[in-house]
Every structure is written in C-alpha cells, then in structure tokens.
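One structure below.
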Amino acid sequence: AQSVTQLDSHVSVSEGTPVLLRCNYSSSYSPSLFWYVQHPNKGLQLLLKYTSAATLVKGINGFEAEFKKSETSFHLTKPSAHMSDAAEYFCVVISYNNNDMRFGAGTRLTVKP
Amino acid sequence: DSGVTQTPKHLITATGQRVTLRCSPRSGDLSVYWYQQSLDQGLQFLIQYYNGEERAKGNILERFSAQQFPDLHSELNLSSLELGDSALYFCASSVQGRSTDTQYFGPGTRLTVL
Chain A
1 AQSVTQLDSH VSVSEGTPVL LRCNYSSSYS PSLFWYVQHP NKGLQLLLKY TSAATLVKGI
61 NGFEAEFKKS ETSFHLTKPS AHMSDAAEYF CVVISYNNND MRFGAGTRLT VKP
Chain B
114 DSGVTQTPKH LITATGQRVT LRCSPRSGDL SVYWYQQSLD QGLQFLIQYY NGEERAKGNI
174 LERFSAQQFP DLHSELNLSS LELGDSALYF CASSVQGRST DTQYFGPGTR LTVL
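Here the protein sequences line up with chains A and B, keeping their order.
Going by my numbering, 88 is the number at position 88 of the first sequence; the sequence numbering is gapless.
So my numbering is basically just the index in the second sequence, starting at one, shifted up by 113.
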C-alpha cells in the first residue's frame, strides 16, 4: 500500500520569505505525485504534478516541487510568499492504476504581514 | 470556478436516514471521483467512475454506493447514516481518468448528521 506523510501540520512564514512544505511518500511503483491547495470553504485546486517526466516541476502561482526518488520526497517550495498563499496544502500520491490514492494530512500555511 | 458542480451545498439529516449527493463533471470529462473530508480521517478517496463504469475503489463503506449515468453526472448514495458520516463530500472530474490526469474539484457538499 502507498502512503504519504506531510511532515508539518502548520507552517508560518512572513510575506516575502521562502516557503517550504515537506512531503514524503511510500510507493511500490512509480507513482504520480500532486500538490493541491484548498482555500477556506473551497474545493481543491491543482498546484502542480509529477508524472515521471522532469523531476523539477513548476506549477501555478510561482510554486515548484522536486521529485527525489532516493529520498522519496516531493517538497513544495516558493521563493517569496504572498498573503494570498495562506491556505491548506495537500500532497497526493496516486498509483498507476488509480487503485490507491492517498492524501497527506495537510499543511496549513499562514503568511504574516 | 472549476466547472464541476455539486448539489446540494449543505445537507442536514438524522441518523439512520439516506441521502443522495449529486455531481456534474466539467464538460468533456469522462471520469468522476468521490472523496470524503472529515476532521478525523482527513481526505479519503471513495470511488471513481469512468464513462459509466466503476474504475477504482477506495475506502468506501458498504452503506455507501455511487453510480455514473449516461449523461456522465454522478450520484453518491449514503444510507443508514451515522454521526461519523458528517463530513464534506467532494466530487472531482478528469478527462480520461488516468492516474496522471489533473482532477478538477467541485465546491463540495457539507453533510451534517444529527
């Protein structure tokens, strides 16, 4: 079975400083990995995804993630946080046949002025 | 706006009852997914349909069932409701239902079981 662990339940940064949200995964096969963002009272929106192409993935709103197979990690970064980035972020791992989809517990990002 | 619609937005019911949640996918998307989000369990994948057929199954209880109709909308039926079924239920859709597809999420249906 697959699993995904988001290492921080809450991250707080100041506006204009870098963001790092950490995600480790476990999978028997080459999975697809995703980061989704959920703003309050909204559905989830895709930030970026890794599907066995380039290991450095660029997403929307300046976010990036690097797939590191040796470390089984898929950490999300952004060089400079904006107030609008405050939200809940979910790391997701999906097996090739969709039979195993796992969400991390989520990381709540707070951005201070 | 993702293009995925869910009705109703809120639902309040009593234990033991049965409810139906409805989802309309984005235009052109053939696959629909259902998820449950609760404080206890986080986000859990329930079930996926592709073009009317069940494609994948997650942690869906036997009291829950779903189907996708010829017009591609989907319904999630929850029966013999328990207090613990109170949660936010999301529907998502994707073009082909592959593991690499982007899923587009609806705004959710908040179910409260009293």
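Cβ coordinates follow ideal geometry from the N, Cα and C atoms, glycine included.
Note that the coordinates shown come from a computational prediction; the quantities given were computed from them, not determined experimentally.
Checklist line | Neighbouring residues, chain B, relative to A/T51 (Cβ below 7 Å) | finding: Along the first sequence, read from residue 1 onward, the residue named residue 51 of chain A stands at position 51. Ordered by position in chain B, the residues that pass the 7 Å Cβ test against A/T51 are T213.
| If we ignore side chains and look at the alpha-carbon of each, how far apart do A/G62 and B/E175 end up? | As a first step, residue 62 of chain A must be located in the first sequence, where it is residue number 62. As a first step, residue 175 of chain B must be located in the second sequence, where it is residue number 62. So the two alpha carbons sit approximately 42 Å from each other.
Is it right to say A/H75 is buried, meaning 16 or more other beta carbons lie within 10 angstroms of its own, or is it exposed? In the first sequence, residue 75 of chain A corresponds to position 75, counting from 1. By the 10 Å Cβ count, A/H75 comes out buried.
May I have the straight-line CA-CA distance separating A/A105 from A/V11, to the nearest angstrom?
The sequence position of residue 105 of chain A within the first sequence is 105, counting from 1. The sequence position of residue 11 of chain A within the first sequence is 11, counting from 1. Each residue's Cα considered, the two are about 13 Å apart.
Worksheet item: Looking only at its own chain, which residues have a Cβ that is under 6 Å from the Cβ of A/F67, when we skip the five neighbours before and after it?
Response: What you label residue 67 of chain A is simply residue 67 of the first sequence in a count that begins at 1. Here the set comprises Y50, T55 and F74.
Beta-carbon within less than 8 Å of A/K112's beta-carbon, same chain only, minus the 5 sequence neighbours each way: which residues are those? Residue mapping note: residue 112 of chain A aligns to position 112 of the first sequence, counting from 1. S12, V13, S14 and E15, listed in sequence order.
What three-state label does DSSP hand A/I60 in the structure shown? If you number the first sequence from 1, residue 60 of chain A lands on position 60. The answer is helix: DSSP assigns A/I60 an H, G or I state.
Under 7 Å, CB to CB, which of the residues in the stretch 46-70 of chain A have a partner in chain B?
L46, K49 and T51
Is the separation between the beta-carbon of A/T110 and that of A/A86 shorter than 8 Å? By one-based count along the first sequence, residue 110 of chain A stands at place 110. By one-based count along the first sequence, residue 86 of chain A stands at place 86. Cβ atoms of A/T110 and A/A86: closer than 8 Å.
Cβ shell of B/R131 (< 8 Å), same chain only, five flanking positions each side left out | The residue you call residue 131 of chain B lines up with position 18 of the second sequence. So the qualifying residues of the chain are N190, L191, S192, S193 and L194.
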